[in-house]
Structures are given as structure tokens and as C-alpha cells.
Amino acid sequence: MAVRVFNERGYDGTSMEHLSQAAGISKSSIYHHVSSKEELLRWAVSRAIDGLFAVLDEEGAVTGRPLERAQYVTRRTVEVLVAELPYVTLLLRVRGNTDTERWALERRREFDHRVAGLFSAAVQEGELRGDVEVRMATRLLFGMINSVVEWYRPDGVRQGDGGSPYEEGPLGSGAEIADAVVRIAFSGLRAANPGPAGD
């Protein structure tokens with residue numbers, strides 16, 4: 001419930017009064033369980049962050065060639081985003097105004113840095129193009145992935161004016177979206193003749 005209210009009103013625009021009204025309980029009842037709305041924020045963004053970092057420890061992220069690992073992490077990142085949509089949406093909207101938000105932003109940077117490391121390794125192996133700067137490629141990739149929170153809806157009802165045919169009906173499962181992201185991103189990044197950099 002808190003995550004929904006934070007996403008609707010923004011964290012800064014949400015008071016404990018808003019949270020208590022949404023939950024249908026008194027503010028004192030909320031304070032019985034948490035000390036502040038920032039504690040609720042920490043819990044919510046931790047759920048998203050933990051899900052993303054868990055991907056980096058999965059077998060597909062640590063074994064195989066760098067390109068395979070980068071594709072695996074990309075696919076699983078999209079799947080986590082879709083599975084934890086409200087929590088990841090909140091994570092992507094934090095601005096650094098509180099200690100928790102600054103912590104969350106630092107953790108996001110750490111995650112991005114680790115993924116960029118996979119891309120660097122794939123470039124070194126000659127599997128990805130060397131003429132695209134790795135940090136830029138990583139940021140563009142995450143821009144595509146993170147945009148999913150703006151239009152994907154699990155119930156198939158997407159945001160928009162409803163007047164256009166492409167705004168109606170379900171778009172796909174998390175796995176289908178993940179596959180599309182991997183195909184689009186890596187078809188443009190893959191080296192023309194993948195192979196060891198020294199070949």
C-alpha cells in the first residue's frame with residue numbers, strides 16, 4: 001500500500017496521513033510498526049535493489065562468455081523489473097533528498113557499474129563492438145530497460161489516451177519483453193565477426 005501511494009503522490013508529496021488513509025488505519029497504528037515514512041521507503045527500495053543484485057549472483061551471470069553473461073543479466077534485469085514493477089518504479093523515482101534515497105542511488109550506480117564491467121569484458125573478447133563507448137552503451141541500455149516502468153502494465157492496460165490501437169491490449173509477458181530488449185540492444189552492439197579480440 002505504501003509503495004502505491006509513494007508512486008502516485010511522489011515520496012516527498014506523501015505524508016503519514018496519506019498512508020494511514022490509504023491503509024484505512026490510524027497514524028498511530030502505522031507508527032506502531034515503523035518509525036517513519038523513510039523506513040517504509042527503505043524497505044520498498046531494498047526489495048527492488050535486492051532483486052537486481054541477486055541476478056548478478058545467478059549462474060548465468062557468472063559463467064560463460066562475457067557476451068552470454070551480459071545478455072543473461074540484461075534479460076533477468078527486465079524480468080525483475082516486471083515482477084517487482086511497483087518497487088522498481090519507486091527505486092527509479094528517488095531523487096537523493098534523504099539518506100535512504102542517496103543510499104538507493106549509490107546502489108543503483110554500483111549495479112550499473114557491475115553490468116558495465118560485463119560489457120567491457122565482452123568488448124575485450126571481441127564479442128561486442130569496440131567503437132561504442134561502454135558507459136554510453138550501458139546507460140542507453142538501462143534507459144531502454146527502465147522505460148518499461150512508464151508503459152508496462154501487468155493487466156494489459158497501458159497508459160495513453162486510448163485512441164490509438166497500439167495503446168490497447170496486453171503487450172507481452174516479462175519474458176517476452178526481456179527477449180525483445182536483448183534482441184534490439186545486442187543486435188546493434190554485437191561485433192560483426194564475434195571472436196577473441198586478438199583474432
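Under UniProt numbering, the first residue of the sequence shown is numbered 1, with each subsequent residue one higher. No residue lacks a Cβ here, since even glycine has one placed at the ideal position from N, Cα and C.
Query: Counted within 10 angstroms of its Cβ, other Cβ atoms place ALA116 as buried (16 or more) or exposed; Result: buried
Query: DSSP-derived helix/strand/coil call for ARG153; Result: coil
Query: Contact check, LEU118 vs PRO66, beta carbons under 9 Å; Result: yes
Query: For ASP179 and VAL78, the rounded distance between their alpha carbons; Result: 9 Å
Query: Segment limits, alpha helix (DSSP H) that includes SER120; Result: 99-124
Query: Reference GLY172, options ASP131, LYS37, TYR152, ALA191, closest by Cα; Result: TYR152
Query: Euclidean distance between Cα positions of MET121 and SER28; Result: For the sequence presented, residue 121 should be read as Ala rather than Met. If I take the Cα positions, the gap works out to 52 Å.
Query: Buried versus exposed, by CB contacts within 10 Å (16 or more), PRO84; Result: One detail in the question is off: residue 84 reads as Glu in this sequence, not Pro. The residue is buried, with at least 16 neighbouring Cβ atoms inside 10 Å.
Query: Where the alpha helix (DSSP H) containing ALA192 begins and where it ends; Result: Where ALA192 is concerned, there is no enclosing alpha helix (DSSP H), given that its DSSP letter is neither H nor E.
Query: Nearest candidate by alpha-carbon position, reference LEU81, set ASP12, ARG190, GLY13, ILE145; Result: ILE145
Query: Coil, strand or helix - TYR166 by DSSP; Result: For TYR166, the pLDDT reaches just 49, beneath the cut-off of 50, and the residue's location in the model is therefore unreliable, although a value from the coordinates is still provided. Of the three classes helix, strand and coil, the one that applies to TYR166 here is helix, per DSSP.
Query: Alpha-carbon to alpha-carbon, GLU58 and THR89; Result: 23 Å
Query: Buried versus exposed, by CB contacts within 10 Å (16 or more), VAL62; Result: exposed
Query: Per-residue DSSP class, three states only, for PHE6; Result: helix
Query: Separation of VAL132 from TYR166, as counted between CA atoms; Result: In this prediction, TYR166 has a pLDDT of 49, which is less than 50 and means its spatial position is unreliable; what the coordinates show is noted afterwards. Approximately 32 Å, taken between the alpha carbons.
Query: Opposing strand residues paired with LEU91 [DSSP bridges]; Result: DSSP, once it has assigned bridges, lists no residue as partnering LEU91.
Query: Element boundaries [alpha helix (DSSP H), containing ASP57]; Result: Counting along the chain, ASP57 falls outside any alpha helix (DSSP H), and DSSP gives it neither H nor E.
Query: Between the CA atoms of ALA191 and GLY130 - distance to the nearest angstrom; Result: 8 Å
Query: Close Cβ partners of LEU105 (< 6 Å) along its chain, the five nearest in sequence each way excluded; Result: GLY96
Query: Strand pairing of LEU128, partner residues [DSSP]; Result: ARG190
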